[in-house]
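Shown next, in structure tokens, is the structure this report addresses.
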Amino acid sequence: MVASLGLLLTACGGDDKAGGVTVIGEPTVSIEFVGTPGVSDVTVKFVPTEETAKFNYAIGSEQDRENFENGDIVGMLTETSNQEITHTWKDLEAGEYYVVYAMAYDEDGAAGPVSAHGFKTASSDFVVETYYIGDNSAAFRITNTNDYYTYKYALGTAADKEAFLNDELASIKTQSEVFDWAENYFDLEPATEYVFYCVGQDRSGCDTQLFEIPFTTYAEGSDEIPNFVYTEGAKDFYMQNYTVTPNALCKQLVLYQQTEGAADGTMFGVNNWKGLTLDMFDAWKDINIGAVMTGTYITSATNEVLEAAATTTDLELENPLDVYVIAYDEMYKPFLVKKYANSTPAFNANAALPDASDFTITVTDVTMEGFNIAINYTSDNTRAYFYDIISGDYWDNQIEHDMAALKNEMITTYLSLGWCYNRKSIENNYVIDPSIPDFVAGAKFYIGVLAMNENGPIEGGWAEEVALSEPFYLPE
Numbered sequence: 167m168v169a170s171l172g173l174l175l176t177a178c179g180g181d182d183k184a185g186g187v188t189v190i191g192e193p194t195v196s197i198e199f200v201g202t203p204g205v206s207d208v209t210v211k212f213v214p215t216e217e218t219a220k221f222n223y224a225i226g227s228e229q230d231r232e233n234f235e236n237g238d239i240v241g242m243l244t245e246t247s248n249q250e251i252t253h254t255w256k257d258l259e260a261g262e263y264y265v266v267y268a269m270a271y272d273e274d275g276a277a278g279p280v281s282a283h284g285f286k287t288a289s290s291d292f293v294v295e296t297y298y299i300g301d302n303s304a305a306f307r308i309t310n311t312n313d314y315y316t317y318k319y320a321l322g323t324a325a326d327k328e329a330f331l332n333d334e335l336a337s338i339k340t341q342s343e344v345f346d347w348a349e350n351y352f353d354l355e356p357a358t359e360y361v362f363y364c365v366g367q368d369r370s371g372c373d374t375q376l377f378e379i380p381f382t383t384y385a386e387g388s389d390e391i392p393n394f395v396y397t398e399g400a401k402d403f404y405m406q407n408y409t410v411t412p413n414a415l416c417k418q419l420v421l422y423q424q425t426e427g428a429a430d431g432t433m434f435g436v437n438n439w440k441g442l443t444l445d446m447f448d449a450w451k452d453i454n455i456g457a458v459m460t461g462t463y464i465t466s467a468t469n470e471v472l473e474a475a476a477t478t479t480d481l482e483l484e485n486p487l488d489v490y491v492i493a494y495d496e497m498y499k500p501f502l503v504k505k506y507a508n509s510t511p512a513f514n515a516n517a518a519l520p521d522a523s524d525f526t527i528t529v530t531d532v533t534m535e536g537f538n539i540a541i542n543y544t545s546d547n548t549r550a551y552f553y554d555i556i557s558g559d560y561w562d563n564q565i566e567h568d569m570a571a572l573k574n575e576m577i578t579t580y581l582s583l584g585w586c587y588n589r590k591s592i593e594n595n596y597v598i599d600p601s602i603p604d605f606v607a608g609a610k611f612y613i614g615v616l617a618m619n620e621n622g623p624i625e626g627g628w629a630e631e632v633a634l635s636e637p638f639y640l641p642e
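If you want it as structure tokens, here you go:
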């Protein structure tokens, strides 16, 4: 897996030191840069010829050539084969010129010519770097100063370079006056080679050099990185279950769900999190995100399997959902993000309806300050229910025990007292609000329960009738 940072050079001025010179001979080793050098690192591939038995390589300045040939350069490394290798040097100085050296030897120890390739590390004014790479997702971060106010970028393959430069690549996007941005890709093919391209432009109209970050996604489910197995469980109009099993390198997991696109403006808005998903989900994992943004849910697990019971507030069928899972590395730092599509289920025409007779409703300890309610049911046909206080005057006199009218009233007002999901037994203490005119001494009331099956609060989901308690009276 190889990915590197980008090199900043403007098209308005050249660098006579850029480029490389390779002296051809046998045995030899060629030097190829992987992507463009970064602010503090560079990745290089060394390709030896068949005549090579081993080769030395190192990084230094232009003045270090003789020291390298003599084996005196600090940090020189040796590869004792003729296999291609890739090496990354880190902790380099920004905006400095370096030279990579290599020299091959045959089986008799005879040295071939020195290969040398110079480069300049990137300036911190405009930096393109890998944010994360997984098996089917990746992201790239672009940070820039006010001078480099606009840029274009795209994900493609090595064959797309000219199309990108000519603005012919369909996946090109642009940003202006956005000085820290991460572009996330969640639908990549595992074990596939890609290239992320980017070009910036300063306020005088000069373009940066083309940034190229070639990378290969990991194999599907790879254990080379912090990863996990994602499994969807039972679901209905309200709750969706997930099991996420981490691999040995994954020490923490976060699962976030939203109704499709619910918080995209916050997640990917230029004035909000700007696509910095690793940072964002790490910040969100410890807060009640559902209380801040409607239609969202988040949970986490550390050093164990994550079992999630996400909920939606729309209570709708065939409701599309976005699910994001974040894997953390062995240092408990967020490593990658994956996105999945889910939805609440379709209508089940074969689902049996709840029946009012399934419910037992009791009211006790009635005072002018309040009373206790207990609701129990036995049938598995009930998935959830609403319950409320029904005025005796309304039921007995105004609608004269018209069950259809009562059911319609409870559906359209969506009740005020309570909602219960998948609990066959509850107890609740109701505190009377004395400002409500119905609560007067001697007043008659019922508790009404309107149940629903797995289809939720829609036609074909509601029970045919409202379950009613025996009447109870406030004390005289």
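Under the numbering used here, the first residue of the sequence shown carries the number 167, and numbering increases by one thereafter.
Using N, Cα and C, we set each Cβ at its ideal position, and we do this for glycine too.
My output table needs one value for residue i: the three-state DSSP class, helix, strand or coil.
i           : result
residue 223 : strand
residue 349 : strand
residue 635 : coil
residue 280 : strand
residue 552 : strand
residue 484 : coil
residue 305 : strand
residue 461 : coil
residue 373 : strand
residue 602 : coil
residue 187 : The predicted model places residue 187 with a pLDDT of 49, which falls under 50 and marks its position as unreliable; any figure quoted below should be read in that light. It is a strand residue.
residue 584 : strand
residue 578 : helix
residue 447 : helix
residue 341 : strand
residue 203 : coil
Sorted by chain position, which residues of the same chain lie with C-beta nearer than 6 angstroms to residue i's C-beta, five sequence neighbours on each side aside?
i           : result
residue 635 : 527, 529, 612 and 613
residue 320 : 330, 335, 337, 338 and 363
residue 476 : 406, 423 and 463
residue 495 : 392 and 501
residue 605 : 598
residue 377 : 172, 202, 294 and 364
residue 230 : 239
residue 248 : 214 and 218
residue 129 : Past the boundaries of the shown model lies residue 129; the chain is included only from 167 to 642, so the question cannot be answered.
residue 568 : none
residue 586 : 551 and 592
Taking the CB atoms as reference points, tell me whether residue i and residue j lie closer together than 7 angstroms.
i           : j           : result
residue 594 : residue 513 : no
residue 420 : residue 447 : yes
residue 508 : residue 487 : yes
residue 274 : residue 217 : no
residue 361 : residue 399 : no
residue 519 : residue 438 : no
residue 474 : residue 468 : no
residue 352 : residue 493 : no
residue 510 : residue 381 : no
residue 297 : residue 282 : no
residue 538 : residue 531 : yes
residue 642 : residue 609 : no
residue 550 : residue 633 : no
residue 410 : residue 491 : yes
Spatial neighbours of residue i within its chain, please: C-beta separation below 7 angstroms, excluding the five flanking residues on both sides.
i           : result
residue 342 : 315 and 316
residue 213 : 195, 196, 198 and 250
residue 356 : 301, 302, 383, 384, 385 and 386
Spatial neighbours of residue i within its chain, please: CB distance less than 8 angstroms, with the 5 preceding and 5 following residues excluded, ordered by chain position.
i           : result
residue 460 : 428 and 479
residue 227 : 263, 264 and 265
residue 260 : 205, 206, 287, 288, 289 and 290
residue 237 : 222
Out of the options, which one is the CA nearest neighbour of residue i?
i           : options               : result
residue 516 : 592, 503, 626 and 453 : 626
residue 369 : 583, 604, 310 and 358 : 310
residue 557 : 549, 566 and 551      : 566
residue 417 : 568, 457, 497 and 439 : 497
residue 552 : 312, 208, 575 and 532 : 575
residue 637 : 572, 559, 600 and 443 : 559
residue 359 : 350, 345, 349 and 324 : 324
From the DSSP output, which residues share a beta bridge with residue i?
i           : result
residue 492 : 420 and 503
residue 561 : DSSP, once it has assigned bridges, lists no residue as partnering residue 561.
residue 477 : 405
residue 251 : 212
residue 359 : 382
residue 412 : 394
residue 498 : None, per the DSSP bridge assignment.
residue 321 : 362
residue 665 : Nothing can be reported for residue 665, as the shown portion of the chain is limited to 167 through 642.
residue 330 : BP columns for residue 330 are empty, so no partner.
residue 434 : DSSP output for residue 434 lists no bridge partner at all.
residue 618 : 550 and 628
Kindly indicate if chain B contains any beta-carbon less than 7 angstroms away from that of residue i.
i           : result
residue 426 : No chain B is present in this structure, which holds just one protein chain.
Shorter than 6 angstroms, the distance from the beta carbon of residue i to the closest heavy atom of the ligand COA, or not?
i           : result
residue 607 : As far as ligands go, the structure on display features none, and thus does not contain the ligand COA.
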